[in-house]
Structures are given as structure tokens and as C-alpha cells.
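Undergrad: Every letter in the sequence shown is one number past the one before it in numbering that gives the first Met the number 0, and letter 82, counting from 1, is 81.
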Amino acid sequence: MNKLKLAALSTLLASSFAIQSQAHGIWVADRHDNLAIVYGDGSDEGYKPEKVVSLSGKKADMSAGEITRNDQDDHILFTAADDTAYITAEFVSGHWSQDKDEKWHNVPKDQLEGALKGGYYVKYTTGILKNLGALPQLQNHTLEILALVDPTTLKMGDYLPVQVYFQGNPLADAELIADYVTDRDNKLKTDSKGYVTIKVRNNGLNVLAINHNQEVTGDPKADKYGYFSTLSFVAASD
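1. Measure the alpha-carbon distance for Leu79 versus Gly64 and round it to whole angstroms.
2. Should the region 163–175 be called in touch with the region 195–213, which here means at least 3 C-beta pairs below 8 Å?
3. According to the Cβ coordinates, are Thr124 and Gly24 closer than 9 Å?
4. If we ignore side chains and look at the alpha-carbon of each, how far apart do Thr87 and Met61 end up?
5. Kindly confirm or deny that the region 29–43 and the region 67–76 touch, where touching means at least three C-beta pairs closer than 8 Å.
6. So His211 is in the beta strand (DSSP E); what residue range does that whole segment cover?
7. When the Cα atoms are used, what is the spatial distance from Leu159 to Val199?
8. Looking at C-alpha atoms only, which residue of Asp182, Leu170 and Leu204 is the closest neighbour of Lys188?
9. How many angstroms separate the CA atom of Asn105 from the CA atom of Lys223?
10. Is Pro135 closer than 9 Å to Leu153 when the C-beta atoms are compared?
11. Can you list, in chain order, the residues of its chain with a C-beta nearer than 6 Å to that of Trp26? Leave out the 5 residues immediately preceding and following it.
12. Among the candidates Ile66, Tyr194 and Thr216, whose CA atom is the shortest distance from the CA of Phe165?
13. Straight-line CA distance for Lys50 to Lys122?
14. Using the Cα positions of Lys47 and Asp40, report the straight-line distance between them to the nearest angstrom.
Pasting the structure below:
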């Protein structure tokens, strides 16, 4: 492959990852007898494990749960103790800025000469692994989907009320994706208090997702902060 083709490929990959940084999410799923932090836009994609800056477990009473993290080349596997009910993770895509030729670079805006725009992107996930025996609790994420009943008690076709929070406050008029893995176009808007009710779509893994951008001023490194958050659970079997 000649240098021009290599340069073109490098630019394409950088642009692709910049788009991913804005549109992709993370969630918890079973993979090969392990649990995994999955990254993608519906389907799985590889990522740098160091992007996952935190991964933790909690019991249903919110006390610390035991997990063991196992970083692979392009993803993370982990195991959790039987009494671990919640898994939470934070994935930092970081700064992405666009130059005058509309190419994207993984640097802050003030470090790219002639930058047109820039953003800073973070992903969050909460996975509910087992029956909680109580109402779900917030996990202190900047952007978060809170189930208002224990979703693991629901079956496919049941209705799940949720509330979306941003910076600890209900987020109005936000578009919630009710089935992120298999039907990303199925969106429902939250009401003035962040509430929305979705139908449990799958007889197995369900992943709800929310995206929210915050325009900022006075930050030389970015024009906006982009947040993406998911809630995953396995529906009750018949």
C-alpha cells in the first residue's frame, strides 16, 4: 500500500472514530461465559480498554460488589460475584476537533490550528444483573436512565417507566432509544419531568439509551460536551 493510500486510510479511520465518539454507546452483556463492556452503535466494535476509566459493581443495597476486570486487546471482560446487582462503567472518548478541511483529530480544539469546532465525549452505562428486591437507585452518572421499577421482574411486552437525569436533575424533551441494540430508530421523548414509559422489547437483553449534548462557552478546548448513557437488563423469562 502506497503512502497516499495509507494517509487516506488514516484520515478515514480518524473521521470514523470521531463520529463513533459522538454516536456510540457502551453497555453490559454476556460474552463467552463472561460479562463484557460492549462498545458500538448497536453492534459490537473494538476499543482501547484504557478508555474505560471506571468499572465497578454494587450489591442491591448499594454497598460495594466484587468484580474482576480482565482487559483484552480491544475490549474488556469481567466477572462479578453472585451478589453483585449493579455494574457501572465510564468510557472517555475524550476531545475530538475538526480542522479547516473537515477532518477530525483526537485533540482539544485549542491544540489544532484553525479548528472549526471541537467536543469532549463521555459514555456511561448501568447494567442490572439480577433481581434487586427493591426499587433501582441512581448511580451518580452525569447522564443516567433510572428504571422506576425493577426491570428484571418484567417480561417482553410489559411496560417499564423510567426517568432520565442530567447532572442530577430530570431531563425534559430528551429522546430515549427504547431498544438500542436492534432498533435504534425507536425513540420516545421524555416529558417535562424526564419521565417516559417504554415497552420491554426483547425476551433477553434489553438496552435503553440516551444521548445529550451540552453547548459550552468559555472552554477553549471544546464547543460542546457530548454524553451518552445506557441502561441494560435481561427481561424475566416466561
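Every residue gets a Cβ at the ideal spot worked out from N, C-alpha and C, and that includes glycine.
TA: In brief:
1. A quick correction: the sequence has Ala, not Leu, at residue 79. Near 8 Å, if we compare the C-alpha coordinates of Gly64 and Ala79.
2. A contact exists between the region 163–175 and the region 195–213.
3. yes
4. 12 Å
5. yes
6. Taken as a continuous stretch (DSSP letters only), the beta strand (DSSP E) holding His211 covers Leu204 to Glu214.
7. For Leu159 and Val199, the distance between alpha carbons rounds to 7 Å.
8. Cα-wise, what sits closest to Lys188 is Leu170.
9. Taking the Cα positions, Asn105 is about 15 Å away from Lys223.
10. no
11. A distance below 6 Å between beta-carbons, with the five flanking residues on each side excluded, links Trp26 to the following residues of its chain, in chain order: Val37, Thr124, Val206, Thr229 and Ser231.
12. Tyr194
13. One C-alpha to the other measures close to 10 Å.
14. 16 Å
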